[in-house]
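Below is one structure, written out as structure tokens; the observations come after it.
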Amino acid sequence: LFIPYGANIRHHEGSDVLERFGLESRRYILFVGRLVPENSAHTLINAFSRVETDLNLVIVGDALYADEYKASLKASAGKRVIFTGYLFGEEYQEISSNAYLYVMASGVDGTRPVLLDQMAFGNAVLTRNTPANLEVVGRAAATFDHHNDEEDLALKLQFLVDHPEEVLALRMAAEERVREKYSWEKVTDRYELLYRELIKGRNVREIADQLEELIPLEPVPVMREVPTEIRTEAEVVRNG
Numbered sequence: 247l248f249i250p251y252g253a254n255i256r257h258h259e260g261s262d263v264l265e266r267f268g269l270e271s272r273r274y275i276l277f278v279g280r281l282v283p284e285n286s287a288h289t290l291i292n293a294f295s296r297v298e299t300d301l302n303l304v305i306v307g308d309a310l311y312a313d314e315y316k317a318s319l320k321a322s323a324g325k326r327v328i329f330t331g332y333l334f335g336e337e338y339q340e341i342s343s344n345a346y347l348y349v350m351a352s353g354v355d356g357t358r359p360v361l362l363d364q365m366a367f368g369n370a371v372l373t374r375n376t377p378a379n380l381e382v383v384g385r386a387a388a389t390f391d392h393h394n395d396e397e398d399l400a401l402k403l404q405f406l407v408d409h410p411e412e413v414l415a416l417r418m419a420a421e422e423r424v425r426e427k428y429s430w431e432k433v434t435d436r437y438e439l440l441y442r443e444l445i446k447g448r449n450v451r452e453i454a455d456q457l458e459e460l461i462p463l464e465p466v467p468v469m470r471e472v473p474t475e476i477r478t479e480a481e482v483v484r485n486g
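Those letters in the sequence shown? Residues 247 to 486, per my numbering, in order.
The following block contains the structure:
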């Protein structure tokens with residue numbers, strides 16, 4: 247039995263956080279997380295240094311008792327990398343709402359609420375292709391290779407920097423994914439059904455199929471307009 251985290255689509259304007267850090271809307275790539283080795287900010291910084299772009303990389307987060315690691319990050323970061331420290335409330339919402347792209351670099355598998363949170367802000371997402379991340383994003387995100395992380399991450403970053411139309415499509419897909427699977431209305435419907443049926447004495451295994459009907463687990467695909475002349479025969483037959 248699986249009931250996911252919830253999130254609602256939201257965008258925010260109004261704080262001075264972009265101006266304070268010298269940022270422009272949609273002109274930076276975003277990382278959010280504690281600055282500890284397992285979250286792989288170093289991998290992203292190293293990959294970003296290989297990308298030809300005038301975008302900034304914004305590192306949102308901090309960590310206690312990790313001074314040596316944080317110092318190594320700042321020593322390896324170029325002038326286009328901006329460290330904000332922790333941001334909360336309106337500042338966090340605004341910096342999340344205005345990113346060009348959000349990168350989930352962590353090498354630790356497991357459900358990451360921040361990944362869903364960034365999708366709900368309407369961000370295009372580039373994530374490490376761990377099983378847990380793929381379960382969250384379905385096909386509504388770009389991915390990089392978990393086992394060849396820095397090199398593949400640099401390649402994917404360069405592609406997305408060079409193809410803003412792909413980034414726009416990913417933003418739309420991320421919002422649709424949240425709307426279809428993770429809206430709090432749908433998540434709370436599942437909890438209500440679960441508790442209601444448990445009170446009736448039904449076991450969890452019997453309830454699972456009903457929960458699946460409320461929020462199907464199959465991924466929401468990134469939709470693309472395929473030129474008619476290169477559509478395969480199978481696609482033509484299937485889609486008319």
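From the three backbone atoms N, C-alpha and C, an ideal C-beta is built for every residue, glycine too.
Opening and closing residue of the alpha helix (DSSP H) in which residue i lies
| i | result |
| --- | --- |
| L362 | P359 to A366 |
| L403 | D395 to D408 |
| I341 | G335 to S343 |
| R448 | From DSSP, R448 is part of no alpha helix (DSSP H); its letter is neither H nor E. |
| R266 | V263 to R266 |
Continuous beta strand (DSSP E) stretch holding residue i: start and end
| i | result |
| --- | --- |
| V210 | As displayed, the chain neither begins before 247 nor continues past 486, which places residue 210 out of reach and without an answer. |
| Y348 | L347 to M350 |
| A312 | No beta strand (DSSP E) contains A312, which DSSP labels as neither H nor E. |
| A388 | A388 to F390 |
| L371 | It should be pointed out that residue 371 corresponds to Val in this sequence rather than to Leu. Unbroken beta strand (DSSP E) run through V371: V371 to R374. |
Residues that DSSP places opposite residue i in a beta bridge
| i | result |
| --- | --- |
| R442 | R442 pairs with nothing; no bridge assigned. |
| F329 | I305 |
| L276 | V304 and Y348 |
For residue j and residue i, the rounded distance between their alpha carbons
| i | j | result |
| --- | --- | --- |
| L264 | Q339 | 11 Å |
| E443 | D435 | 12 Å |
| K446 | E438 | 12 Å |
| V383 | N369 | 12 Å |
| V354 | A420 | 22 Å |
| A253 | V360 | 10 Å |
| F367 | L333 | 15 Å |
| G324 | A400 | 15 Å |
| P283 | H392 | 15 Å |
| Q456 | L362 | 24 Å |
| I328 | L269 | 9 Å |
| A378 | H288 | 21 Å |
| K316 | R385 | 33 Å |
| F294 | R451 | 46 Å |
| T373 | T389 | 5 Å |
heavy atom of the ligand HEM below 6 Å from residue i C-beta
| i | result |
| --- | --- |
| F367 | The ligand content of the structure shown is nil, which means the ligand HEM is not present either. |
Problem set entry | Any 3 or more C-beta pairs closer than 8 Å across the stretch 412–432 and the stretch 310–317 | Not touching, per the Cβ criterion.
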